[in-house]
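Novice: Protein sequences, first through last, are from chains V, W, X and Z. Position 164, counted from 1, in the first sequence is what the working numbering calls 164; the numbers after and before it change by one each time, with no gaps. Quick note: to get the working numbering, add 1000 to the position in the second sequence (first position is 1). Quick note: to get the working numbering, add 2000 to the position in the third sequence (first position is 1). Quick note: to get the working numbering, add 3000 to the position in the fourth sequence (first position is 1). The beta-carbon is built from N, C-alpha and C at its ideal position, and this holds for glycine as well. These numbers come from a predicted model, not from an experiment. Attaching a single structure in structure tokens format; questions to follow.
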Amino acid sequence: MSTEAKRAPAQKRNEKGAEKGKPGNNGSESSPANDLASTTPEVRRELLTSMMLQRRFEERCAEAYALGKIGGFCHLYIGQEAISTGVMSMIRPDDYVITAYRDHGQALARGISPRAIMAELFGRATGCSGGKGGSMHLFDSETNFLGGHGIVGGHIPIAAGVGFAIKYRRGNQVCVCSFGEAAVNIGAFHEALNIASLWDLPVIFIIENNRYGMGTAISRSTANEDVIVRARGYRMEGESVDGQDVFAVRECMARAVERARKEKRPTLIEMRTYRFMGHSMSDAVSGTYRTKDELEENMKRDPILLLHNRIYEAGELTEGDMHKIDDEAKAIAQDAWDFADASPEPPLEKLYTDVYADTSS
Amino acid sequence: MSTEAKRAPAQKRNEKGAEKGKPGNNGSESSPANDLASTTPEVRRELLTSMMLQRRFEERCAEAYALGKIGGFCHLYIGQEAISTGVMSMIRPDDYVITAYRDHGQALARGISPRAIMAELFGRATGCSGGKGGSMHLFDSETNFLGGHGIVGGHIPIAAGVGFAIKYRRGNQVCVCSFGEAAVNIGAFHEALNIASLWDLPVIFIIENNRYGMGTAISRSTANEDVIVRARGYRMEGESVDGQDVFAVRECMARAVERARKEKRPTLIEMRTYRFMGHSMSDAVSGTYRTKDELEENMKRDPILLLHNRIYEAGELTEGDMHKIDDEAKAIAQDAWDFADASPEPPLEKLYTDVYADTSS
Amino acid sequence: MAVLTYRDALTQALREELQRDDRVFLMGEEVAQYNGAYKVSKGLLDEFGPMRIVDTPITELGFAGVGVGAAMVGLRPIVEFMTWNFALLAIDEVVNAAAKMLYMSGGQYKMPMVFRGPNGTALQLGAQHSQAWESWLAHIPGLKVCTPGTPADAKGLLKSAIRDDNPVVFLEGEMLYNTKGEVPDGEHIVPIGQAELKREGDHCSIITHGKMVLVAMKVADDLAKEGINIDVVDLRTVRPIDVEAISKSVQKTNRAVVLEEGWEICGMGSQVVDFIQRECFDDLDAPVLRVHQEDVPMPYAKNLERAAKPDAGKTIAAIKKVMYLD
Amino acid sequence: MAVLTYRDALTQALREELQRDDRVFLMGEEVAQYNGAYKVSKGLLDEFGPMRIVDTPITELGFAGVGVGAAMVGLRPIVEFMTWNFALLAIDEVVNAAAKMLYMSGGQYKMPMVFRGPNGTALQLGAQHSQAWESWLAHIPGLKVCTPGTPADAKGLLKSAIRDDNPVVFLEGEMLYNTKGEVPDGEHIVPIGQAELKREGDHCSIITHGKMVLVAMKVADDLAKEGINIDVVDLRTVRPIDVEAISKSVQKTNRAVVLEEGWEICGMGSQVVDFIQRECFDDLDAPVLRVHQEDVPMPYAKNLERAAKPDAGKTIAAIKKVMYLD
Ligand SMILES: Cc1ncc(C[n+]2csc(CCOP(=O)(O)OP(=O)(O)O)c2C)c(N)n1
Ligand SMILES: Cc1ncc(C[n+]2csc(CCOP(=O)(O)OP(=O)(O)O)c2C)c(N)n1
Ligand SMILES: [Mg+2]
Ligand SMILES: [Mg+2]
């Protein structure tokens, strides 16, 4: 099916708003994992395009936040883009995705329209959550994007529930659930992983280990820093992978997806990454909890740079192509900004809608 | 220090109510674990006495419950007495004990007066909790018995807090916290164990694995039945032991107590046991969830029988001695019953006291 | 009409809805193999199998979240809490997830689910097992809250709750399970949000719900002998709350006592009083009085527990006070 | 008197009590190395060290329980929740353990501890991060609940809370931390349970607490210009609640509006209304009206959020209504 894998990136998935820069779906059921993860120049270019879009998009988010166009908490994903892009590139449109509050990158990589996302951050009626959710609560039923959740760990049992529904309906989708490394200490993580393994639910739990929960290093929050060991406690397959390497992410996702679709078993994956910005726009980038040196050291492993170099050295793209990809990303981000900025605020009567559905079965 | 170990059993610890049938304290700091756990005929006799008291006492509880003298939920410990007795025999009076709602055996073994316990079960003013707690909430500040808690897992973080206080004061006590195997799946267990290991707290967490949580076999609640594997996830020492063998319990407790006092490290211990009665007095002993055969098979490993045989075969006690121990236990239980039955209900004004302490620092 | 226990009425509702819609499933501790801690799900495992009658580990937060996730993608979970005391551990999933999902997602994700189980005090279960949570749950927009006091309402409301596309909190009573009452045969539905005038009288209104409905009816019987006629308004659901039914009764009787099982401060009764004084300010001949649990954790001792609970005696005293008969 | 921010007043109280009693310690997420998510514990790690200023993992249930255990054996923990929204995960330890321990143990185990952190709405934080919990917490016997609205009350009440031998819930306001006010120099203590008349007027009473005190003062200023004089009763603590202060004010003004940040149903205001109609039935010239958050989860969009919150405009409208000026 590597042909499908090849064709997939072209496939357009999202209906809302703009039509630009989404990575495709390389999911498949029959072929061996390695095949699935293997890439072609075209796929590699799509991956870079996806990561670049997230980067440029969030740079504009930072700008908009400074201008007061975005309010509340705004958690940027910059530095972790290889994970969202690698993960989303390995699943199907009918699979499910759920994540925490650091959700811009996941949402873009999944294929929610940049316009709808930016409009949501601006609190506009055209936002993917109608302006009611905000940065932490991006939702999009068309791409099975189940949010955007603000309570650390709170969405992990929800992911198990989605897995339960898939099993209940004898479906072969998977549910991908990502969260930070600091969330592994909270009860919801523990309860959900036990249930997912006990009941054989097709859920892929992804720990995005960026080494800090706000200002707390993993060594100060987690008794056993080798978090993946916990998988054994739940009789679950566990893997650790370099989250800055999009190819490594894809390979291990391929195994997890196969496991979920074929064996109906969950997987816990630790993806080692690093947060290049502050915890949120209102937090310092470095300071009491991490040094500038550490930051700079880690920025040398910028996932976009790594992928760029791989592609460039392979001679697949010229400087010109690179600039084109970058310019496109910037253009999409600009388009999203313009769209959001021109969009109306939600009408006041919306305040009282969506509290209750007026339907029943 | 084995002399101290020998003398200890005689030592009387509790002030409240009757003065009978408490196991002693063989705790110590300097001698190797094996020494500590080693027993003499006198100690073995004390252990049997302690276990026999719990058995006879709870047989009367069942009777009192049937007569309506005890109300609410009443969870009997029958079949698990080697654990309470073995554990309590290895700690000091200044150590702390906290457990769940199945607390009669732990309370008796710790040395709370049988009178005060039975009076509590009868809901009388002379009860160890003034009649306000009941079967699930036995408390006794004189023996550092911190309850008696009814929310599954709820007391596990509390135990970590006691360990924190010991560390805060640079003390060398330990806190012993026991709970059922079904509690290992709940968030509070997970959060507490991570904290206890992360902060080096002197807490001994004991899983009393009687294989069922109410009507649910461990295989239906716990993804990895080998629960002790979880200890690794918290970088914690873990041990499994035959909870029907009081000597095995003492030996592994000796190691855990040393670890807590000297290395200030927590331990997770699985003690394999079996519940001979129904989950509570209102639940069936066997039925949809376990067979009569399984029950009978397990009753062959009655911890009291096992200890009795060991002692008897060693020729340390005659039939006569045995009867004497049993008669004493029955007499203490009868005395507790009479004391409780003759005790007054709490005066009505007590309804409004103890809601708030009227003191401040 | 058949006479059923409250328990059997609930079991019937569950069975009928499980038969009617295969997206409906029941999940909770001991609901399957054990037939339910209080036997409400008796026989359902045999009829519907382990995929639809699901025993869970003791992980309230976890399985409440599983329910939320399943509801998000179109199943219709019924999450049973063995008792609502344990639901405190899961309250984040109920309040921060289930109640807000439709709103946060701008209307994209409905939550067709029910959270149910026994609420309030049984007998001598002590402080941690004897709490009534309706005022907490009614506080939360996004939730609906049912508090049936009779077998007929238990069946009719549970069927409505299961069919509702919103998260519905369904509060039962351990002490109610064995009570009996007539239940209409065939399809019996009680709409959420409608109170019922369970007894007519023009001297004083008792506004109540849930378990306390039985106490109110007894009080009405006792006082009838003294020639005092009580209007008993059973709210049946406390969110949404039927303000019109309350006003109608108080405008007729000009006097009201609000009876509830839980604690006083910010209890359901305080909200009912607020509605009454706003809607019936000029109708009231006396301040509205409330009867509720004493402001203490529930004690174990039988005599103390009895004294702590609201009862007929306290209610009658309150009624005589608002009627200036004391 | 020094002029301090609400934040600095809290920091002062913490520092003074940490110095006064070495059994006192502060525990929570980011309280130490990060100086607190809202910088309330700034500098305390340097002064008191890591054993007394303790960073915790993100495990609200776990560290709240750690606080309970430490308090049980004689320490005096101050447990900080980064915000009270997250405390829902820990509510079992607050309600079922801390609030009941003294009672369940028949008076043997005191709970000298404080649970504190920001409560209510900030700016555009969305549904899961914008909730006011005082009515839930005030519902629970065994807890005391403080809701200071000014720097002086923040300092004085926090010191009382830390010295109290009972579990005290201390609700701060993210939007209050930067507000300034005069704080008495030296040992300044505000007793728990005493309201303060923050403004005198005889036309109408505003009963409020916490963040809304500032709104009430603004309303009083605005209305003064129209010749309407408002009595502003700041409850300061909502459990225990100073019913006498409420009655005194309403008996003088014969009119009242209850202003709170949270939701309507079973909110604090409903309880205040209940007290008023019982204590001041014959004094009232109009029904008591309430101002509160709209009955919806908090939306993110700026315009919707503004419309959802209680504010001066809504409060003035309510006052004019009870004064029949509309
Ligand atoms: C239950 C809960 N506690 C605290 C918070 C505040 N908070 C938001 S994010 C965060 C850090 C989470 O770190 P991590 O899980 O590693 O994810 P990351 O931010 O690094 O992506 C904290 C403490 C919260 N949202 N929920
Ligand atoms: C949080 C919570 N959920 C459910 C219950 C009801 N309950 C009481 S005991 C029990 C079973 C616990 O089993 P286990 O932990 O193995 O202890 P055991 O009873 O076997 O000693 C349950 C489900 C409870 N008390 N607390
Ligand atoms: Mg992190
Ligand atoms: Mg068990």
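List the DSSP bridge partners of residue 177 of chain V.
Specialist: V:98 and V:205
Novice: Name, please, each residue of chain W whose Cβ falls closer than 9 angstroms to the Cβ of residue 3304 of chain Z.
Specialist: Taking a Cβ-Cβ cut-off of 9 angstroms, residue 3304 of chain Z has no neighbours in chain W, whose nearest Cβ is about 34 angstroms from it.
Novice: With a 10 Å radius around its C-beta and 16 neighbouring C-beta atoms as the bar for buried, classify residue 1323 of chain W as buried or exposed.
Specialist: exposed
Novice: Run the proximity test for residue 1153 of chain W: is its beta-carbon closer than 7 angstroms to any non-hydrogen atom belonging to ligand 4?
Specialist: no
Novice: Does the beta carbon of residue 1157 of chain W come closer than 8 angstroms to any beta carbon on chain Z?
Specialist: yes
Novice: Could you compute how far the alpha carbon of residue 3284 of chain Z sits from the alpha carbon of residue 2314 of chain X?
Specialist: 27 angstroms
Novice: Can you grab the Cα-Cα spacing for the pair residue 3262 of chain Z / residue 338 of chain V, in whole Å?
Specialist: 36 angstroms
Novice: Name the DSSP beta bridge partners of residue 2204 of chain X, please?
Specialist: X:2230
Novice: Give me the chain Z residues within the contact set of residue 1137 of chain W, using Cβ-Cβ distance strictly less than 8 angstroms, ordered along the chain.
Specialist: 3104 and 3105
Novice: Using CA coordinates, which residue listed in Z:3048, Z:3186 and Z:3077 is at the minimum distance from residue 3019 of chain Z?
Specialist: Z:3048
Novice: Applying the 10 Å Cβ sphere with the 16-neighbour rule, what's the burial state of residue 3010 of chain Z?
Specialist: buried
Novice: Enumerate in chain order the residues of its own chain whose CB-to-CB distance from residue 2174 of chain X is below 6 angstroms, with the five nearest sequence positions on each side excluded.
Specialist: Correct list, in chain order: 2118 and 2122.
Novice: When the Cα atoms are used, what is the spatial distance from residue 95 of chain V to residue 173 of chain V?
Specialist: 5 angstroms
Novice: Do you know offhand how far residue 171 of chain V's Cα is from residue 335 of chain V's?
Specialist: Each residue's Cα considered, the two are about 38 angstroms apart.
Novice: Anything in chain W within Cβ reach of residue 3051 of chain Z, meaning under 7 angstroms, just list it in chain order.
Specialist: 1168
Novice: What is the DSSP secondary structure of residue 2198 of chain X, reduced to helix, strand or coil?
Specialist: strand
Novice: What are the start and end residues of the alpha helix (DSSP H) that includes residue 321 of chain V?
Specialist: Run containing residue 321 of chain V: 319–342, per the alpha helix (DSSP H) assignment.
Novice: Using a threshold of 8 angstroms, state whether the C-beta atoms of residue 344 of chain V and residue 64 of chain V are closer than that.
Specialist: no
Novice: Let's see if you can read the secondary structure: which residues bound the beta strand (DSSP E) around residue 345 of chain V?
Specialist: Where residue 345 of chain V is concerned, there is no enclosing beta strand (DSSP E), given that its DSSP letter is neither H nor E.
Novice: Under the rule that 16 or more other beta-carbon atoms within 10 Å means buried, what is residue 2003 of chain X, buried or exposed?
Specialist: exposed
Novice: Taking only beta-carbon positions, decide if residue 1160 of chain W is within less than 8 angstroms of chain Z.
Specialist: yes
Novice: Look at the Cβ atom of residue 1208 of chain W, then the Cβ atom of residue 1180 of chain W, and state whether they are nearer than 8 angstroms.
Specialist: Contact check for residue 1208 of chain W against residue 1180 of chain W passes: the beta carbons are separated by less than 8 angstroms.
Novice: Exposed or buried, which one is residue 1084 of chain W when buried takes at least 16 other CB atoms within 10 Å?
Specialist: buried
Novice: Under 8 angstroms Cβ to Cβ from residue 1296 of chain W, same chain only, skipping five residues before and after it: list those, please.
Specialist: If we look at residue 1296 of chain W and ignore the five residues flanking it on each side, it has no Cβ neighbours.
Novice: Mind listing the chain W neighbours of residue 2231 of chain X? Cutoff is C-beta to C-beta under 9 angstroms, in chain order.
Specialist: None at all; the shortest Cβ gap to chain W is about 32 angstroms.
Novice: Using a Cβ distance threshold of 8 angstroms, determine whether the segment 1122–1137 of chain W contacts the segment 3079–3095 of chain Z, with at least three qualifying pairs required.
Specialist: no
Novice: Any idea if residue 394 of chain V is buried or exposed, counting beta-carbon neighbours within 10 angstroms, 16 or more meaning buried?
Specialist: It is not possible to answer for residue 394 of chain V, since the shown part of chain V is limited to 1 through 361.
Novice: Can you tell me whether residue 1351 of chain W is buried or exposed? The criterion is at least 16 other CB atoms within 10 Å of its CB, across all chains shown.
Specialist: buried
Novice: Let's test the definition: count the other Cβ atoms within 10 Å of the Cβ of residue 3112 of chain Z and tell me whether it reaches 16, buried, or not, exposed.
Specialist: The Cβ neighbour count for residue 3112 of chain Z, taken over all protein chains shown within 10 Å, is at least 16; the residue is labelled buried.
Novice: Take residue 1275 of chain W as the anchor and find which of W:1090, W:1075 and W:1069 has the nearest alpha-carbon.
Specialist: Among W:1090, W:1075 and W:1069, the Cα nearest to that of residue 1275 of chain W is on W:1075.
Novice: Which value, in whole angstroms, describes the spacing of the CA atoms of residue 1029 of chain W and residue 1258 of chain W?
Specialist: In this prediction, residue 1029 of chain W has a pLDDT of 39, which is less than 50 and means its spatial position is unreliable; what the coordinates show is noted afterwards. Rounded to the nearest whole angstrom, the CA to CA distance from residue 1029 of chain W to residue 1258 of chain W is 7 angstroms.
Novice: Taking one C-beta from the segment 2201–2220 of chain X and one from the segment 2029–2040 of chain X each time, how about it: are there three or more such pairs within less than 8 angstroms?
Specialist: no
Novice: Comparing alpha-carbon positions, which option in W:1062, W:1036, W:1068 and W:1080 lies nearest residue 1303 of chain W?
Specialist: W:1080
Novice: At a cut-off of 7 angstroms, would you count residue 2207 of chain X as near ligand 2, judging by its Cβ distance to the nearest heavy atom?
Specialist: no
Novice: Can you determine whether any heavy atom of ligand 4 sits closer than 7 angstroms to the C-beta of residue 1210 of chain W, and answer yes or no?
Specialist: Within the cutoff, so yes.
Novice: Measure the beta-carbon distance from residue 1227 of chain W to residue 1270 of chain W and round it to whole angstroms, keeping in mind my assumption that it falls under 8 angstroms.
Specialist: Correct: roughly 6 angstroms between the Cβ atoms.
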